[in-house]
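One structure below.
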Amino acid sequence: MDPSGDDIGTNPSTEPSMAELIERRLGRRAAMRGLAGVGAVAAFSQPALAQAGGPSTLTFKELAHTLDADQHVADGYDMKVLIRWGDPVMPGAPAFDPANQTGTAQEKQFGYNNDYLGLHPLPAGDRSGDRFLMVANHEYINSNLMFAGLGAGRDANLKTSKAQVEVEMAAVGGAVIEIARENGSWTVVPSSKYARRISANTPMDISGPAAGHDLMKTSADPAGRKVLGTINNCAGGGTPWGTWLTCEENFDVYFGGDSSKLPLPEMQKRYGVGRATGYGWFRHVDRFDLSKEPNEPNRFGWVVEIDPYDPGAAPVKRTALGRFKHEGCTYAIAKDGRVAFYSGDDERFDYVYKFVTANPWNPNDRAANKNLLDDGTLHVARFEADGRVQWLPLVQGQGPLTSENGFASQADVAIKARLAADLLKATPMDRPEDIETNPVNGRVYVVLTNNSQRKPDQVDKANPRAGNDHGHILEITPKDGDHGATEGTWSIFLLGGKPGQDAGARYHRATSDNGWLSCPDNIAFDSKGRIWIVTDGAPTAAGIADGVYGADTAGFGRALTRCFYQAPTGAEVCGPIFTPDDNTFFIAVQHPGEDAGSTFEKPSTRWPDFKDGMPPRPSIVAITKKGGGAIGS
Ligand code: FEO
Ligand code: CA
Ligand code: CA
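Taking the working numbering, I'd label the letters of the sequence shown as residues -14 to 618.
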C-alpha cells in the first residue's frame, strides 16, 4: 500500500515539484527512501486553506456522491436536456413511439447511446459562439431497454428480430444537429439543412494504405474501397480544418457465426473477432456473419472522418491511423504545422498511439487538407521507467515490421496495427480511453480507465497498480513542447479510488469524501486549463453514480478533484465539451438504466421523461450556471 496519496498538487508552481522530479528519476518508493520518509514529504506540503473549494480555483459547492434514478448537479447550476434518443434529427422524422419503433423512423431520429460530442461553429469560423453544428457519436445499443419482451441482461441482446436489428443498425453511428443559444438557453434548430444521421447503413469510402488491400475486399465490395456504415463509435475528435473524427471501438462484438475458418487466426484472436458475440445482427444480416463474409470485420476498427458542413459528402475511413479499438482521436498542432492525432486503444494491456501527418495543414485553404490524414506516420508509445516516453514508428520495412513477420506492406501494418505494436514492444496500458491536450500548459493527458487483470508481476511505472480497479491519468510533456516530437516525458497526474481505502489512490491531499473518483474515461479542459473528468464504472456498491469531477492542473489545487455532477443509475457520462466562452458544459448521458435486471418493461430508471411506458433515453444535457457565467468560476 502506498501511504502517500497526498503528494500531488502540494507545490504551488506549475512546474513539477521536487518530489515529482525525484520520483520520475528514481521511482516513487526509492524517492521515499531517499528523502527519509515522512519529514521530507511534509516539507513539500502546503498548509490547508479554509475557503469552500479549499485550495481549488473551482468555487462551486461540491456535490455529494449519490446514486438514484435522476441526475444531479452542484447547487447554483441548471441542467437542460437538449436532445434524447428518438427525437427528430432529419426533416420529416416521425414522433418517437418506442412501442412501434422502425428502422426507417430511427434513421431520421437521434440515435442511441450518445458518446463523443463536438462543436463546429456556424457559420464555419464564426466566433460569436451562439450557433453550432453539434456532432454526436452513437456508440452502441441496449436491446433489452429499447424493445419489449427481450428480458434482462446481455443475452437479451442476442434475441432480437430482423425488424429490431434494423432499428439497431439505424440507431448507431452518429448525428449532426444544428443548435442555437437564445437568452442563455440551447435548443435544436428544426429541419436544419446540415442535419444528418450516420448509421451502420451509411455508404462510406475507405482511403489510405489499406484501401484496396485483399483483406478489405468482400462480395459486396470486390475493390475493397467502399463500406456500409460505422459501428461502436465511442469517443472522437476534430481536425484543425473543421471535420469530425468518429472512432470505431469494440467492433468485434457485432459479428457472430462460425469463426473457425477465418483467415489469419492470430490476428483475429488479437482483435477479439469470434471471441464473443454481443448482438443478433449476424442472424439477419449476412455481412455480420463471419462464416459468410470473413473480411467484413477488417473494415471496422478505424477512424472515420466526416465533414459536418457538407451533408452530401461520404464519410471516409482513414486507414493510415491504424486499426484497433479506438476510443477517441484528438489533435494537437506540431511546431512545423504538421498535425498530431492521439488515440487510445481501449482494451486491457493495449496501447497509446500518435499519428503525425506527413505534411503541415493549410489554414488558408480548407480543401487542401482534404486528404491530409492519408499520409503520415503512426507511432505507438513506450513509457520508460525513467520518465521518458518514446513514440515508436509503425512503418513497414523498419525494425521487425518485415514481410517475414507478416508485414509486406503498410496496409498490413495498418490492418494489423496491434500486432505491429506488439513487435515494437510498446507499453501495455490499463485501458487507454480519452487522450486530450491541455490548451494552457500543452501537456497531453492520457486517461487509463482501469485494469482489474494486471498482476503484480505486470506492474510498471506507468501502470503502477496490480488489480487496478479505479484507473489513473498520466500527463505527458512533449519534448520542447512539440507534438511532432518522438520523445517526451511523463508523470502521473492522479490515481483513482478512495484515498485511505484503495491501495495507491493519489490525489491532492485535500480531496474530499465526495471528490474522489473511479474509472475516468473522457476529459475536457476549460479555457483556464482546468480538467473535467467524466467516469464510466463508478463503484455503485458504494452508492456512487458515474459523474463529472473538476480539478485544477496547476497551482495549489492541482489534482484536487471535486464532484460536480452525478448521472442517473446505470448511466455513464461521455462527451464532455465546453462552449468557447465556458458558459455551457455539454455532456452525453449514455445507457441510463443499464443495471442488472433492468428491462424495457421495468427499467431501473425512466430518466429523463419519467413517464409510464417510456423507457430510459440516452440524452445530451446542457449545464449552465444560474444567472450566467463560466462553469466552475
Ligand atoms: Fe467506449 Fe472506451 O469506452
Ligand atoms: Ca469511452
Ligand atoms: Ca469506457
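Glycine included, each C-beta is placed from N, C-alpha and C at the ideal position.
{"Asked": "From E151 to A84, what does the alpha carbon distance come to, in whole angstroms?", "Found": "15 Å"}
{"Asked": "At 3 residues or longer, and completely inside the region 214 to 244: list those beta strand (DSSP E) runs for me, N to C.", "Found": "218 to 223 and 229 to 233"}
{"Asked": "Does the region 36 to 56 touch the region 538 to 554, meaning 3 or more C-beta pairs lie closer than 8 Å?", "Found": "yes"}
{"Asked": "Return yes when the Cβ of A317 is within less than 9 Å of the Cβ of T224, no when it is not.", "Found": "no"}
{"Asked": "Would R416 be called buried (16 or more neighbouring beta carbons within 10 Å of its own) or exposed?", "Found": "buried"}
{"Asked": "Below 6 Å CB to CB, which residues in the same chain sit around P463 once its five sequence neighbours on both sides are set aside?", "Found": "A470 and G473"}
{"Asked": "Three-state secondary structure (DSSP) at K355?", "Found": "coil"}
{"Asked": "Any residue with its Cβ nearer than 5 Å to a heavy atom of ligand 3 should be included. What is that list in chain order?", "Found": "D506 and D521"}
{"Asked": "DSSP puts F563 in a beta bridge; with which residues?", "Found": "F570"}
{"Asked": "Do G322 and H311 have their CB atoms nearer than 9 Å?", "Found": "no"}
{"Asked": "Quick one: give me the first and last residue of the beta strand (DSSP E) that N634 is part of.", "Found": "In the structure as shown, the chain begins at -14 and stops at 618. Residue 634 is therefore absent and cannot be evaluated."}
{"Asked": "CB F570 to CB I562, shorter than 9 Å?", "Found": "yes"}
{"Asked": "Looking only at its own chain, which residues have a Cβ that is under 7 Å from the Cβ of M75, when we skip the five neighbours before and after it?", "Found": "K93, A180 and R182"}
{"Asked": "Please state whether DSSP places A615 in a helix, a strand or coil.", "Found": "coil"}
{"Asked": "Who are the near neighbours of A411 in its chain, counting only those whose CB is closer than 7 Å to its CB and skipping five residues on each side?", "Found": "Y336, V365, A366, R367 and L377"}
{"Asked": "Return yes when at least one heavy atom of ligand 1 lies under 8 Å from the C-beta of A220, else no.", "Found": "yes"}
{"Asked": "Considering only residues of the same chain and omitting the five flanking positions on each side of N129, which have a CB-CB separation below 8 Å?", "Found": "L135, G136, A137, G138, A141, N142, S583, T584 and F585"}
{"Asked": "Compute the minimum distance between the beta carbon of N142 and the heavy atoms of ligand 4, and state whether it is under 8 Å.", "Found": "Ligand 4 is not among the ligands present in this structure, which contains only ligand 1, ligand 2 and ligand 3."}
{"Asked": "Would DSSP call I318 helix, strand or coil?", "Found": "strand"}
{"Asked": "Ligand 2 heavy atoms versus the CB of E472: any closer than 8 Å?", "Found": "no"}
{"Asked": "Is any heavy atom in ligand 2 found nearer than 8 Å to the beta carbon of C559?", "Found": "yes"}
{"Asked": "When the distance is taken between beta carbons, is C504 closer than 9 Å to A530?", "Found": "no"}
{"Asked": "Starting from G88 and walking both ways along the alpha helix (DSSP H), at which residues does that stretch end?", "Found": "G88 to Q91"}
{"Asked": "Report the three-state DSSP secondary structure of D702 (helix, strand or coil).", "Found": "Here the chain covers residues -14 to 618 and nothing more, so residue 702 does not appear."}
{"Asked": "Grab me the residues of P441's own chain with a C-beta within less than 7 Å of its C-beta, minus the 5 sequence neighbours each way, in chain order.", "Found": "A451"}
{"Asked": "Which residue comes first and which comes last in the beta strand (DSSP E) that contains D63?", "Found": "Y62 to R69"}
{"Asked": "Buried or exposed, going by whether 16 or more other CB atoms sit within 10 Å of the CB of G61?", "Found": "exposed"}
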